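This report concerns only the one structure given below.
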Amino acid sequence: MQDSLLKKLLLRTQHSSRLWAALAALCIGTTLLLVSVLIWWNFRELLFGKNQKDTLGSTFLIIGKRVTEQNMGQPKATIFTKADIDDLAKAPQVQEVGKISSNHFPVYAMMGGKLGFATDMPLESAPDKFIDKMPSEWEWQPGKRDLPIIISSQFLDIYNYVFAPSQGLPQLSETAVKSIALNFKIGNSDHTEVFLAHVVGFSDRIGSVLAPQSFIDYGNKTYGQPGVSEEPSQLILKTLDPSDTRFANYLQQHDYTTNSQNLRWSKIRAIVELVSTATGVLSLLLMSISTLVFILFIELTIARAKQSLTLLLELGYGPKYLSNFMIKRFLPLVLGTIMVSAIGVIGAQQIVANMAKSQGLNLAHLPGWPVWAALLVSTALLIILVIKAISGAIRKH
Amino acid sequence: MQLTLEGIIPVPLREKVSTGKSGLWNSKVSFNKGEHIFVQAPSGTGKTTLIHILYGIRTDYSGSLQWGNHKLPSTDKELLATLRTNNLSVIFQDLRLFPELTAWENIEIKRKLTNTISSEVAAQWLEQVGLKDKKDSLGSTLSYGEQQRIAIIRALVQPFDWLLMDEPFSHLDHANTNKCIALIQSVVAQQKAGMILADLDENNYFSYTKTVLL
Numbered sequence: 000m001q002d003s004l005l006k007k008l009l010l011r012t013q014h015s016s017r018l019w020a021a022l023a024a025l026c027i028g029t030t031l032l033l034v035s036v037l038i039w040w041n042f043r044e045l046l047f048g049k050n051q052k053d054t055l056g057s058t059f060l061i062i063g064k065r066v067t068e069q070n071m072g073q074p075k076a077t078i079f080t081k082a083d084i085d086d087l088a089k090a091p092q093v094q095e096v097g098k099i100s101s102n103h104f105p106v107y108a109m110m111g112g113k114l115g116f117a118t119d120m121p122l123e124s125a126p127d128k129f130i131d132k133m134p135s136e137w138e139w140q141p142g143k144r145d146l147p148i149i150i151s152s153q154f155l156d157i158y159n160y161v162f163a164p165s166q167g168l169p170q171l172s173e174t175a176v177k178s179i180a181l182n183f184k185i186g187n188s189d190h191t192e193v194f195l196a197h198v199v200g201f202s203d204r205i206g207s208v209l210a211p212q213s214f215i216d217y218g219n220k221t222y223g224q225p226g227v228s229e230e231p232s233q234l235i236l237k238t239l240d241p242s243d244t245r246f247a248n249y250l251q252q253h254d255y256t257t258n259s260q261n262l263r264w265s266k267i268r269a270i271v272e273l274v275s276t277a278t279g280v281l282s283l284l285l286m287s288i289s290t291l292v293f294i295l296f297i298e299l300t301i302a303r304a305k306q307s308l309t310l311l312l313e314l315g316y317g318p319k320y321l322s323n324f325m326i327k328r329f330l331p332l333v334l335g336t337i338m339v340s341a342i343g344v345i346g347a348q349q350i351v352a353n354m355a356k357s358q359g360l361n362l363a364h365l366p367g368w369p370v371w372a373a374l375l376v377s378t379a380l381l382i383i384l385v386i387k388a389i390s391g392a393i394r395k396h
Numbered sequence: 000m001q002l003t004l005e006g007i008i009p010v011p012l013r014e015k016v017s018t019g020k021s022g023l024w025n026s027k028v029s030f031n032k033g034e035h036i037f038v039q040a041p042s043g044t045g046k047t048t049l050i051h052i053l054y055g056i057r058t059d060y061s062g063s064l065q066w067g068n069h070k071l072p073s074t075d076k077e078l079l080a081t082l083r084t085n086n087l088s089v090i091f092q093d094l095r096l097f098p099e100l101t102a103w104e105n106i107e108i109k110r111k112l113t114n115t116i117s118s119e120v121a122a123q124w125l126e127q128v129g130l131k132d133k134k135d136s137l138g139s140t141l142s143y144g145e146q147q148r149i150a151i152i153r154a155l156v157q158p159f160d161w162l163l164m165d166e167p168f169s170h171l172d173h174a175n176t177n178k179c180i181a182l183i184q185s186v187v188a189q190q191k192a193g194m195i196l197a198d199l200d201e202n203n204y205f206s207y208t209k210t211v212l213l
């Protein structure tokens, strides 16, 4: 009964419509803050997350030394020396450098049936960590007859949209290509070996045919032409922001060539990052305003009950007792509002994760720790501010 | 709990006190537990000011005031709350009821603070002063006389060492005054408490152990 009497005295002037408006403002502020952290976190996950098959946060570039009128016919002129590689590793924005090794031994690919063909086949290999979609079958060791290969997605596009229609051949899906086996004959006239090659994946990053590093090493060692340099003529770079002019200048100065499309993608990424940061700042501002609105509502409620509050203090009610009474009334409302925001954000993440999945991107179904940390910090701050506002307003009497 | 006043001069009465003679202002006075003090105070001599100073509501004075071991004025509002809950009770001249609460709720809001007096006893007191049928009437609808009787009961539903009264029967007729005196007398005796009654004129409501002319 005591609480109901205090409620009658201290909260009677509390307009329910204003209370709901203040709570709605708080709910919107908290939700926006959490959503902006969620956007930022999802963006980071997509760019730099370990779960991503393709690290969108880094741009991979394949570079080579430009072939000019002067160095034409001098294979050694386009080779990357150890000094070149060491220097590149220190270049602006470069995170990692990988060598692309090519075959120095003859490879002859053959296939029978309707799609029958036979051709010399150039092969390359790159360190595993530079492969964008690593297939589980990606391994080879001497003695093994089955050889996994990864082909450039562009090859399939050229076949399906250019070659097949012009030759009256059927178009092929990725799955269909994976079921085809090719015979790879390697070696020289003295000794040859035949391997059964299977396409196990497609790469958007590397524009050729990749075989496991162990296979290229084995072939070069066993059947390689003597005197041919082991040094690579192409390198694969993992870069943070290749649109950085310092990086572009570096490439220009050294006369290295690369695909400029990748540089543009990086620019777009920088813009998205800027937008996500701006959203965060804006939502922080909105959260602050909504918190202020809620605190002012509490102070107004207490100010309206000034007369009753003064008399209660005169009758022997302690400020601490009255503060606790008010805190017990307002805190559940604050916590309930924050819970609604949290549930909303969890729901949003489920939707975003499903949408991302349909785009072939991996996102967790629950918000990550930065969102929970933001929730925890904003809740703690809000609780402290509400307690301070109530205690302060009551102590003034 | 002993009450000691030493050299107290309320700021608004400074001039008056310096020119006139008072048995309490600017003097050292001690009241012992269980004493019944009558403060006779002609109009304008600071009767209500005194009760408010003793109760810790007013702090605009010089000098010192001691309730037992507690020194007033105190900035510790929790200490004041404890004193007002367990040691001091007051009947204000201006009654100070909550107009939005019923007569019974005005008593309950004080009684529930300590729960030392049962609701049955409080209801019995309400009946004793003739307000049983006004139990559910809002404070704002009660007459001054009814409000005064509710204020008296409200002051009694707590433990106290001292009961401070400021013209406690100013709105009551003889019959109701006598009922209230009987009730106050019995509760004060039960609690072995002291009382300080401030009024304009001499009276024999209680048998006083000391009379002070303000």
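Keeping their order, the protein sequence lines are chains P and C.
Heads up: the first sequence begins at 0 in numbering that gives the first Met the number 0, then just goes up one per residue.
Heads up: the second sequence begins at 0 in numbering that gives the first Met the number 0, then just goes up one per residue.
We put the beta carbon where it would ideally sit given N, CA and C, even for glycine.
A quick note: this is a predicted structure, and the numbers were derived from the prediction, not measured.
Residue i, enclosing alpha helix (DSSP H) - first and last residue
| i | result |
| --- | --- |
| D2 (chain P) | 1-9 |
| T58 (chain P) | Unbroken run through T58 (chain P) is the beta strand (DSSP E), 58-64; no alpha helix (DSSP H). |
| G391 (chain P) | 368-394 |
| T118 (chain P) | Taken as a continuous stretch (DSSP letters only), T118 (chain P) belongs to no alpha helix (DSSP H), being part of the beta strand (DSSP E) at 116-119. |
| A76 (chain P) | Counting along the chain, A76 (chain P) falls outside any alpha helix (DSSP H), and DSSP gives it neither H nor E. |
Three-state secondary structure (DSSP) of residue i
| i | result |
| --- | --- |
| L284 (chain P) | helix |
| K52 (chain P) | The predicted model places K52 (chain P) with a pLDDT of 48, which falls under 50 and marks its position as unreliable; any figure quoted below should be read in that light. Three-state DSSP puts K52 (chain P) in coil, outside helix and strand. |
| I267 (chain P) | helix |
| D198 (chain C) | strand |
| H14 (chain P) | coil |
| N219 (chain P) | helix |
| I406 (chain P) | Nothing can be reported for residue 406 (chain P), as the shown portion of chain P is limited to 0 through 396. |
| F296 (chain P) | helix |
| P318 (chain P) | helix |
| G33 (chain C) | coil |
| L71 (chain C) | strand |
| R13 (chain C) | helix |
| H400 (chain P) | A query on residue 400 (chain P) cannot be resolved here, the shown segment of chain P reaching from 0 to 396 and no further. |
| Y207 (chain C) | coil |
| E123 (chain P) | strand |
| F183 (chain P) | strand |
| M109 (chain P) | strand |
| H173 (chain C) | helix |
| S164 (chain C) | Checking the sequence, you will find Met at residue 164 (chain C) rather than Ser. DSSP places M164 (chain C) in strand when its eight states are reduced to three. |
| V120 (chain C) | helix |
| T67 (chain P) | coil |
| S202 (chain P) | strand |
| G43 (chain C) | coil |
| V227 (chain P) | coil |
For residue i, the nearest candidate out of the options (CA to CA)
| i | options | result |
| --- | --- | --- |
| G218 (chain P) | P:S124, P:F129, P:S307 | P:S124 |
| G186 (chain P) | P:I294, P:D119, P:V198, P:S207 | P:D119 |
| M164 (chain C) | C:N68, C:I183, C:S26 | C:I183 |
| N398 (chain P) | P:P74, P:A277, P:I148 | Lying before the first or after the last residue shown, residue 398 (chain P) is absent from chain P, which here runs from 0 to 396. |
| G346 (chain P) | P:L334, P:L365, P:V333 | P:L365 |
| A277 (chain P) | P:L31, P:L87, P:S3 | P:L31 |
| T47 (chain C) | C:E99, C:V89, C:S136 | C:V89 |
| P105 (chain P) | P:K64, P:S289, P:L122, P:L285 | P:L122 |
Span of the beta strand (DSSP E) around residue i
| i | result |
| --- | --- |
| F97 (chain C) | Segment: none, F97 (chain C) is in no beta strand (DSSP E) and carries neither H nor E. |
| R98 (chain P) | First, the residue type needs correcting, since residue 98 (chain P) is Lys and not Arg in the sequence shown. Per DSSP, K98 (chain P) belongs to the beta strand (DSSP E) from 93-101. |
| H462 (chain P) | It is not possible to answer for residue 462 (chain P), since the shown part of chain P is limited to 0 through 396. |
| E5 (chain C) | 2-9 |
| G144 (chain C) | Taken as a continuous stretch (DSSP letters only), G144 (chain C) belongs to no beta strand (DSSP E), being part of the alpha helix (DSSP H) at 143-155. |
| I149 (chain P) | 145-151 |
| K46 (chain C) | Per DSSP, K46 (chain C) belongs to no beta strand (DSSP E); it is in the alpha helix (DSSP H), 46-54. |
| Q65 (chain C) | 60-66 |
Residue i: CB within 6 angstroms of a non-hydrogen atom of the ligand FAD
| i | result |
| --- | --- |
| I393 (chain P) | The model on display carries no ligand, and the ligand FAD is accordingly not part of it. |
* Asked: If you measure beta-carbon to beta-carbon, which residues of the stretch 306-332 of chain P are closer than 8 angstroms to chain C?
  -> So the list reads S307, L310, L311, L312, E313, L314, G315, Y316, G317, P318, K319, Y320, given in the order they occur along the chain.
* Mind the definition here: the stretch 159-175 of chain C touches the stretch 191-209 of chain C only if three or more C-beta pairs lie below 8 angstroms; say whether that holds. => A contact is defined here as three or more CB-CB pairs under 8 angstroms, and the stretch 159-175 of chain C meets this definition with respect to the stretch 191-209 of chain C.
* To do: Using a Cβ-Cβ cut-off of less than 7 angstroms, list which residues of the stretch 24-46 of chain C approach chain P; keep chain order.
  => none
* Three or more C-beta pairs below 8 angstroms linking the stretch 158-165 of chain P and the stretch 229-247 of chain P -> no
* Asked: If you pair each beta-carbon of the stretch 60-68 of chain C with each one of the stretch 117-128 of chain C, do three or more pairs fall below 8 angstroms?
  -> no
* Asked: How do the stretch 32-41 of chain C and the stretch 69-83 of chain C stand: do at least 3 beta-carbon pairs fall below 8 angstroms, yes or no?
  -> no
* Short-range partners of chain P found in the stretch 192-212 of chain C, where Cβ spacing is below 8 angstroms -> none
* Closer than 8 angstroms, Cβ to Cβ, to anything on chain P: give me those residues from the stretch 93-114 of chain C, in chain order. => R95, F97, E99, L100, E104, E107, I108, K109, K111, L112
* To do: Residues of the stretch 56-70 of chain C with a CB closer than 9 angstroms to any CB of chain P: list them in chain order, please.
  => I56
* Asked: If you measure beta-carbon to beta-carbon, which residues of the stretch 4-17 of chain P are closer than 9 angstroms to chain C?
  -> Cβ contacts with chain C come from L4, L5, K7, L8, R11.
* Pairing CB atoms from the stretch 2-10 of chain C with CB atoms from the stretch 85-98 of chain P, are three or more of them under 8 angstroms? -> Judged by Cβ distances under 8 angstroms, the stretch 2-10 of chain C makes no contact with the stretch 85-98 of chain P, as fewer than three pairs qualify.
* Asked: Residues in the stretch 111-144 of chain C with C-beta within 8 angstroms of chain P's C-beta atoms, listed in sequence order?
  -> K111, L112
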